[in-house]
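As you go down the protein sequences, you meet chains Z and U in turn.
Terminal number for the first sequence in the working numbering: 308, no gaps in between.
Terminal number for the second sequence in the working numbering: 489, no gaps in between.
Okay, so here's the structure we're looking at.
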Amino acid sequence: MLTQPATTQSLRTLVRSVPTVDEVAAKERVAALGKRSIKKESKLSALRMVISMMDLTTLEGKDTPGKVRQLCSKGMRPDPTRQDLPTVAAICVYPAHIATARAALGDSGVKVASVATYFPSGQVSLEVKVDDVREAVKAGADEIDMVIDRGAFLAGDYLKVFEEILAVRAACGDAHLKVILETGELGTLDNVRRASAIAMAGGAHFIKTSTGKVSPAATLPVTLVMLEAIREHHAATGEMIGMKPAGGIRTAKDSIKYLVLLSETLGSAWMSNEWFRFGASSLLNDVLMQIRWLETGRYQSPDYFTKD
Amino acid sequence: MTDHTIEKGIEWEYAPSVQGAEMVSIASTYGLFIDGAFVDPTDGEMFPTINPATEEQLSSVAAAGVADIDLAVKAARSAFENVWGPMKPAERAKYLYRIARLLQERAREFAILETLDGGKPIKESRDIDIPLVAAYFFYYAGWADKLDYAFPGIDPKPIGVAGQIIPWNFPMLMLAWKIAPALAAGNTVVLKPAETTPLTALLFAQLCAEAGLPDGVVNIVTGDGRTGAAIVEHPDIDKIAFTGSTGVGKAIRRAIAGTGKKLTLELGGKGAHIVFDDAPLDQAVEGVINGIFFNQGHVCCAGSRLLVQESIRDQLLDKLRSRLDTLRVGNPLDKNTDVGAINSAAQLQRIEALVASGRDAGVEMFQSSCDLPTKGFWYAPTVFTDVSQSHRIAQEEIFGPVLATMTFRTPDEAIEKANNTPYGLSAGVWTTKGSRILWMADRLRAGVVWANTFNKFDPTSPFGGYKESGFGREGGRHGLLPYLEGPWS
């Protein structure tokens, strides 16, 4: 655990106390769990869970209020033909669209998540990042998705990474903080594990893999390592931290593999949208299609699912 | 109204996903496969083979007697002298390739039958056993016409008729380890599968016939220890290859002393799985789990002794304890089953007796909280903590899902403890330090040393033991040596 106030030395000690990761063995574990055969009622309950855990996302330069309202409508009722499906967990947008989303979602229970801290690069001063977060919270964001300073991390300046997370968390107030590690830029699973430890020590409510702007985004091995970091943190402190793989998860089949990882690494306590989210923009329709296939035995044309 | 409830902390269960067994047809009785055809045993004796997960009888197979073995050896001798021995090596290779391809085509059928007869999880027979079986046949098919390159300037020759006796833990894989190199080197074989797992070997016999393999090249004779003794004692057998218990291995060696028969033995083990404090811990836990619970621990090279550096003992045991509870024990045909059935009532008794000896000695243990089926033979994954070298559970091979944990303080002590057994088949090392892996591998007296992994097999890699774990190597170029006459003979 970290001594307060944190110093360069205490951060180094924290990073060095993190167990190393054997990449070959981690990938093997993921491949083995990827062969779990999820059928019938367990598949249906998984797909419903995936919807309820989804942060339905649009993060484009071309986003408009119209687009955001359409996405909110989809998130509140994923399939207009039926009322028995859960809503998504949140709508994830740029700060400029928080107010629109807030108004569109009303009292639906769907949260507004906003990226902040000069997402996706985060290459500005801490002051600007903190202002960005404050504005987002003021505009009504329930959840803030921040990016860590990968440059500082790779340069070994763990204290800078840590202090930024600490400052952003303070600026969040009551909003929940998801810390994006951008694992595609970290290079090794050892780094993923270290960055996870720093983010959790800094006060993250969730740790999140990716911005979706860098390839590879979320992968199963990265997610396994982050879940293992969460397990370790929980064993040491008793504190539960959430997990959000984001980017690149496009099929229902893939999303179920993530749930298998979650279930067999952290167990049922984490199996809800309070502790697990999918950051995705195109996953939802495949999930809806698979649900209809499970229920009717037939695949329907993509034209029967709304594109928003 | 849309359902807004947030689904909290869901108990998500996997629905049963059972591999159907329809594609496997099991005859009610099986004769002996001698000289290319199934024949009845001369004295008509049969014995049942059961599914250890349900105790239901699957079939009834012949118990080969001395007269049957004589017929099988005569067929093998004739095939060796008239057909297989004189055949061009490239032609022999074609048959082996054909067998390998047929094994791949019928892989699922073999996997299901292996699971039915032996109790191992379908995910292992489907993803590990049978793919490896085909891989070993492909690999040795490649050597068949290249023996002069494998051993240049020696002009190696086949030995003749090999008598091969294999165990019940990997019925098809052990068959492949025995038959593929023997045939590639130009020998013919009489093979006895284990008493409790004869069915896949008999299916393999059918496959040999389908492949058009000349009569008598492969003979499959079923039976118990008496059948095995008849093979060992038959005067016209040139070589015995045995995989099984150290006790039987010693008896075989005594029996053939002075006969001129060649011998390779692959016997028991008490593999040390060594975890250093700088290991990638979460992966090491998976390695330890795989090392001892793979195939219910019915693995001669299992990592059945966990040697953990004392400074991380508590942490590692905590992780193992929670991991044990996520192992899925049950119906071997369920695709999500991790640990299947114990192979036989006799083996279950042996496991129970050794665990009782550990408890009587006052050693602490914990077990998986899984529910065990009521029918069939089952044992919950078990971990003993704080075992001493002098406990029976640290010295004797349990051959079941039971791990004995000990601690060490320094690398020297780890080596001393790891080597301090009559066995020497396998060992595993988990550390981030590459130089330490090499230092350890130099000093561990074990035929296989795995680094940051465990229970990995490959046709190109030789496998075999030191000390009471046997001698001779199977797999790789080394695996050809026991089946060839050369300066080493």
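Even glycine gets a Cβ: it sits at the ideal position worked out from N, Cα and C.
Would you mind reading off the limits of the beta strand (DSSP E) that contains residue i?
i: F137/U; result: Where F137/U is concerned, there is no enclosing beta strand (DSSP E), although the alpha helix (DSSP H) it sits in stretches over 130-143.
i: Q57/U; result: 56-62
i: M53/Z; result: No beta strand (DSSP E) holds M53/Z; DSSP gives it neither H nor E.
i: I207/Z; result: 206-208
i: A404/U; result: 402-408
i: F33/U; result: 32-34
i: F204/U; result: Segment 199-210 is the alpha helix (DSSP H) holding F204/U; no beta strand (DSSP E) there.
i: L307/U; result: 305-309
i: E266/U; result: 262-266
Going by alpha carbons, who is nearest to residue i out of the options?
i: L96/U; options: F137/U, K261/U, D117/U; result: F137/U
i: E182/Z; options: V214/Z, A99/Z, D303/Z; result: V214/Z
i: A96/Z; options: L166/Z, V88/Z, V112/Z; result: V112/Z
i: P120/Z; options: A99/Z, R102/Z, D149/Z; result: D149/Z
i: A27/U; options: P48/U, E45/U, S59/U, E13/U; result: S59/U
i: R231/Z; options: E23/Z, I165/Z, S268/Z; result: S268/Z
i: A15/U; options: G109/Z, A229/Z, K40/Z; result: K40/Z
i: Y118/Z; options: G109/Z, K74/Z, V130/Z; result: V130/Z
i: V73/U; options: L324/U, P235/U, A356/U, A111/U; result: P235/U
i: A252/Z; options: L294/Z, G212/Z, S272/Z, I241/Z; result: L294/Z
i: A361/U; options: N343/U, A184/U, V387/U, D371/U; result: V387/U
i: R305/U; options: A209/U, V61/U, V189/U, T382/U; result: T382/U
i: Y299/Z; options: D308/Z, T306/Z, A32/Z, L288/Z; result: L288/Z
i: N357/U; options: M172/U, S344/U, Q395/U; result: The residue you asked about is not Asn; residue 357/U is Ser in the sequence shown. Nearest C-alpha to S357/U: Q395/U.
i: V288/U; options: D277/U, R323/U, R254/U; result: R323/U
i: A155/Z; options: K62/Z, T306/Z, E185/Z, I165/Z; result: E185/Z
i: G163/U; options: K157/U, T374/U, D155/U, L175/U; result: L175/U
i: V339/U; options: D371/U, A353/U, L317/U; result: D371/U
i: L113/U; options: P198/U, A37/U, P158/U; result: P198/U
i: G225/U; options: P48/U, D43/U, G65/U, G486/U; result: G65/U
i: T57/Z; options: L47/Z, R82/Z, S282/Z; result: S282/Z
Pull up the distance between the alpha-carbon of residue i and that of residue j, whole angstroms please.
i: R298/U; j: G119/U; result: Checking the sequence, you will find His at residue 298/U rather than Arg. Taking the straight line joining both Cα atoms gives about 11 Å.
i: T196/U; j: N169/U; result: 10 Å
i: G186/U; j: I240/U; result: 15 Å
i: L425/U; j: D145/U; result: 31 Å
i: Q4/Z; j: A229/Z; result: 21 Å
i: T460/U; j: A141/U; result: 12 Å
i: L116/U; j: I38/Z; result: 22 Å
i: L320/U; j: M406/U; result: 14 Å
i: E364/U; j: L307/U; result: 16 Å
i: F278/Z; j: P302/Z; result: 22 Å
i: K467/U; j: T326/U; result: 36 Å
i: G447/U; j: R77/U; result: 33 Å
i: I334/Z; j: S469/U; result: Outside the displayed range of chain Z (1 to 308) lies residue 334/Z, so it cannot be described from this structure.
i: K123/U; j: G428/U; result: 23 Å
i: A346/U; j: P152/U; result: 48 Å
i: F293/U; j: G400/U; result: 8 Å
i: M1/U; j: I180/Z; result: With a pLDDT of 30 at M1/U, under the threshold of 50, the modelled position of that residue is not reliable, and no figure is offered here.
i: L311/U; j: R409/U; result: This sequence places Ser at residue 311/U; Leu is not what is there. Each residue's alpha carbon lies about 8 Å from the other.
i: P156/U; j: S368/U; result: 52 Å
i: Y139/U; j: L207/U; result: 18 Å
i: V161/U; j: R359/U; result: 47 Å
Tell me whether residue i, by its Cβ, gets closer than 7 Å to a heavy atom of the ligand SAM.
i: E413/U; result: Inclusion of the ligand SAM in the displayed structure is not the case, the ligand content being empty and no account of it being possible.
Is any beta-carbon of chain B found at less than 8 Å from that of residue i?
i: D254/Z; result: In summary, chain B is missing from the structure at hand, where the protein chains are Z and U.
Could you check where the alpha helix (DSSP H) with residue i kicks off and where it finishes?
i: K138/Z; result: 126-138
i: S461/U; result: Unbroken run through S461/U: none, as it is neither H nor E.
i: A284/U; result: 281-293
Check your understanding: Mind listing which residues of the stretch 270-295 of chain Z have their C-beta closer than 9 Å to chain U's C-betas, in chain order?
Key -> W270, M271, S272, N273, E274, W275
Check your understanding: Does the stretch 326-333 of chain U come close enough to the stretch 15-29 of chain U that 3 or more CB-CB pairs lie under 8 Å?
Key -> yes
Check your understanding: Touch check for the stretch 81-92 of chain Z and the stretch 44-52 of chain Z: three-plus C-beta pairs under 8 Å?
Key -> yes
Practice item. May I ask you to list, following chain order, the residues of the stretch 33-60 of chain Z that have a beta carbon less than 8 Å from some beta carbon of chain U? Key: Correct list: K35, R36, S37, I38, K39, K40, E41, S42, K43, S45, A46, R48, M49, S52.
Check your understanding: Which residues, in order along the stretch 101-123 of chain Z, keep a beta-carbon less than 8 Å from a beta-carbon of chain U?
Key -> S108, G109
Check your understanding: Three or more C-beta pairs closer than 8 Å, one from the stretch 268-288 of chain U and one from the stretch 447-459 of chain U: is that the case here?
Key -> yes
Check your understanding: Relative to chain Z, which residues along the stretch 13-30 of chain U have a C-beta separation below 7 Å, given in chain order?
Key -> E13, Y14, A15, S17
Exercise for review: Count the CB pairs spanning the stretch 218-229 of chain U and the stretch 31-40 of chain U that are closer than 8 Å, and state whether there are at least three.
Suggested key: yes
Review point. Using 8 Å as the threshold, is the stretch 267-281 of chain U in touch with the stretch 413-422 of chain U, meaning 3 or more CB pairs across them?
Key: yes
Review point. What are the residues of the stretch 326-354 of chain U that lie near chain Z, defined by any Cβ-Cβ distance shorter than 7 Å?
Key: T326, K335, N336
Point to revise | At least three beta-carbon pairs within less than 8 Å, the stretch 80-97 of chain U to the stretch 245-264 of chain U | key: no
Practice item. Could you run through the stretch 199-223 of chain Z and flag, in chain order, every residue whose CB is less than 8 Å away from some CB of chain U? Key: none
Review point. Taking a cut of 9 Å between CB atoms, which residues from the stretch 275-289 of chain U lie near chain Z?
Key: D278, A279, P280, L281, D282, Q283, A284, E286, G287
Check your understanding: Closer than 8 Å, Cβ to any Cβ of chain Z: which residues of the stretch 105-125 of chain U, in chain order?
Key -> K123
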